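Q: Could you have a look at this structure, given as structure tokens, before my questions?
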Amino acid sequence: MVVHLSALIFPLIIIYSAVPGSSLFSWHPTLMALGVSFFMLEGIVIFSKSSSLFPSMARPTKASIHYWLMGLGVSCVIAGLVVIYLNKEQAGKPHFTSWHGLFGVITVGYACAQSTGGAVAKYHKYLGHIIKIRLADLKLYHATSGLLAYLLITVTLLLSLQTSWALSTLHWTLWYACFGCVGVSALVVMIHITTTYVPQASRSS
């Protein structure tokens, strides 16, 4: 259950350090941390046999919770992207010039595409006549694509810890705690996806 502690500790540290509402910028790390490190992470591990808080819950119920958590996560990261864009505009600074900014916008775009794929899978019975892909295959593609999505999230989070804001604001103990949370979360998600869905992909091929 360490992953659930990570899902709480990372956002709490960022929220404590950013002091949301103290400035326009303060909402960027706050929304991003909540979006990817809490909502999205919990939305993924709910399917994990070893890490889910509800291992005996029916899969359709888990899928519905996953759908809403990921929706909240994507909404947060889109809002976080809008905030940093407006903040840069107000300051007259160029956009997406750092590695963190570049990976960030790519990650948000990929997360939106990934969520669209999940919505198509959820409503396949209404879209099956348009999307000529079997539901089982669509779910498999969505899950394995999530591996790349979380890899992008992990890289973006690690790069965020190298920004001037993080280095100047986070106490070194909090910085290492955040680094550890990102590492633990990535490890749990990667193990879950590779052990659950990659073998299915191998069998289907």
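Numbering-wise, the UniProt record's numbering puts 79 at position 79 of the sequence shown, and it's gapless, one number per residue. Ideal Cβ placement from N, Cα and C applies to all residues, glycine included. All figures in this text were calculated on a predicted structure; none of them were measured in a lab.
Within 8 Å, do at least three Cβ pairs link the stretch 27-41 to the stretch 62-78?
A: Yes, the stretch 62-78 touches the stretch 27-41.
Q: Starting from the C-beta of K49, find all residues in its chain whose C-beta is less than 7 Å away, skip the five residues before and the five after it, and write them out in chain order.
A: Numbered from its first residue, the sequence shown carries residue 49 at position 49. Closer than 7 Å at Cβ, skipping near neighbours: P55.
Q: Relative to the C-alpha of H142, which candidate in L158, S160, V120 and A177 has its C-alpha closest?
A: Against the sequence shown, residue 142 aligns to sequence position 142. Measuring from the Cα of H142, the nearest candidate turns out to be V120.
Q: With distances taken Cα to Cα, identify the nearest neighbour of T154 among A166, K88 and G104.
A: Your numbering for residue 154 matches position 154 in the sequence shown. The candidate whose alpha carbon is nearest that of T154 is G104.
Q: Since I believe S6 is in contact with V184 (beta carbons under 8 Å), could you give me their beta-carbon distance rounded to a whole number of angstroms?
A: Along the sequence shown, one-based indexing puts residue 184 at 184. Along the sequence shown, one-based indexing puts residue 6 at 6. V184 to S6, Cβ: 5 Å. Contact.
Q: Cβ of L69 within 9 Å of Cβ of H4?
A: As a working mapping, residue 69 is identified with position 69 in the sequence shown. As a working mapping, residue 4 is identified with position 4 in the sequence shown. For L69 and H4, no; Cβs fall outside 9 Å.
Q: Report yes if the C-beta distance between K122 and A63 is below 9 Å; otherwise report no.
A: Numbered from its first residue, the sequence shown carries residue 122 at position 122. Numbered from its first residue, the sequence shown carries residue 63 at position 63. The answer is yes: Cβ separation under 9 Å.
Q: If you check the beta carbons only, do S160 and M57 fall under 9 Å apart?
A: Counted from its first residue, the sequence shown places residue 160 at position 160. Counted from its first residue, the sequence shown places residue 57 at position 57. Against a cut-off of 9 Å, the Cβ pair of M57 and S160 comes out as no contact.
Q: Using only the alpha-carbon positions, how far apart do S26 and P20 sit?
A: The sequence position of residue 26 within the sequence shown is 26, counting from 1. The sequence position of residue 20 within the sequence shown is 20, counting from 1. For S26 and P20, the distance between alpha carbons rounds to 5 Å.
Q: Assuming L170 and Q90 form a contact by the criterion Cβ under 8 Å, report the distance between their Cβ atoms to the nearest whole angstrom.
A: Against the sequence shown, residue 170 aligns to sequence position 170. Against the sequence shown, residue 90 aligns to sequence position 90. Going by Cβ atoms, the distance from L170 to Q90 rounds to 24 Å, so no, they are not a contact pair.
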